[in-house]
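For reference, the structure discussed in these notes is given below.
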Amino acid sequence: MQIRVKIIQNKETEYIEIGCHRHDDRVDEIIRSVKLHQGSVDAYSGESLYQIPLSDIYYIEAVDDRTYLYLENECYESRRRLYEFEEILPERSFVRISKSIIVNMMKIVAIRPALNGRFLCRLKNDENVIISRKYVPEVREKLRG
Amino acid sequence: MKERIREAAGSYFISVTLINAAMLILGSLLSPQQRFGYEAFLYPLVYGLIGIIPSLIISTDKELSVKQAVIRKVMQMLLIIVLLLAFMFGDDPLNRQTIFMAAAVALSVVIIYILVNVIMWMLDARTAKSMTEDLKRFQQGHEKSI
């Protein structure tokens, strides 16, 4: 697949165009990646597909082979794996806090100690998520910028 | 593994300090006439080492719930008591005085174990406070950049 970049004038709206023989899974994957970079992600609730702004996500959790996005009161399922989010989201306010969770730091209200060198993050919706011992240095580094 | 060793090292040095204090108090109460040689300086180091063995054996990389972590801590404490009593009184005849000394040691272990965990928790609380302050700065900086 060739990649062409065309510089356009400032007054024009930026766009991405995909030239393909047919709209298949490969094209969908490219679209999902572009959307993620733009600040939203595809997610499902039942059979319905939604565009979820990244800024609305509280945390992302992998449970068995599934990945769930938790918002203030809703939960959506994503077809992406946690590591895929991890590759793209560090550019933003997200950080991995355990084997199975990536949290949006903008949604954390306070951090408290838990047992065994772990820490508990209280989120704005009063949920708690745990920072594993292993991820504490990474989280501290991210917080300090 | 690195984090586990770091935590074990932290709890070891806190334990050694508290064991010293416990030996001073217990020794003064139970056997004030006893005199020691320089080898006495080694006891807290050895007891501290025995004390961290269970935390290295009974440890897991799994994400434990708070309840599971508490149960694990209690199991560790019981194992420390068994190991220390076996080490200190394993060869002694079972009589009233030995049982009394063993009970005093077991009680000291419980107190020291709780104190070690409280001190570790206080150190973590300080870290958590610093992380929360960093978090507020991060959030303010991030909001300004949007």
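In order, the protein sequences belong to chains A and B. Heads up: the first sequence at position 52 corresponds to 576 in our numbering, and the numbers run straight through without jumps. Heads up: the second sequence at position 7 corresponds to 101 in our numbering, and the numbers run straight through without jumps. Idealized CB from N, CA, C, for every residue including glycine.
Query                                                                                                                        : Result
Chain B contact for Ala638 of chain A (CB, 8 Å cutoff)                                                                       : yes
Per-residue burial, Leu201 of chain B [other beta carbons within 10 Å of its own, 16 or more giving buried]                  : exposed
Chain B contact for Phe670 of chain A (CB, 8 Å cutoff)                                                                       : A question about residue 670 of chain A goes unanswered here, because the residues of chain A that appear run from 525 up to 669.
Minimum Cβ-Cβ distance from Ser617 of chain A to chain B less than 8 Å                                                       : yes
Chain A contact for Phe232 of chain B (CB, 8 Å cutoff)                                                                       : yes
Whole-number beta carbon distance between Glu596 of chain A and Asn649 of chain A, since they are thought to touch under 8 Å : 5 Å
Which of helix, strand or coil DSSP assigns to Val653 of chain A                                                             : strand
As assigned by DSSP and simplified to three states, the class of Glu553 of chain A                                           : helix
Best match in A:Asp549, A:Asn652, A:Gln575, A:Tyr583 for proximity to Asn628 of chain A [C-alpha to C-alpha]                 : A:Tyr583
Contact list for Ser222 of chain B against chain A, beta-carbon separation under 7 Å                                         : Before going on, a small fix: residue 222 of chain B reads as Ala here, not Ser. Result: Ile635, Arg636, Pro637, Phe643.
Backbone secondary structure at Glu536 of chain A - three-state DSSP                                                         : coil
Min CB distance Ala219 of chain B to chain A below 8 Å                                                                       : yes
Span of the beta strand (DSSP E), counted from its first residue to its last, around Val140 of chain B                       : Careful: Val140 of chain B lies outside any beta strand (DSSP E), inside the alpha helix (DSSP H) at 136-151.
Rounded separation between Val199 of chain B and Gln162 of chain B - CA only                                                 : 27 Å
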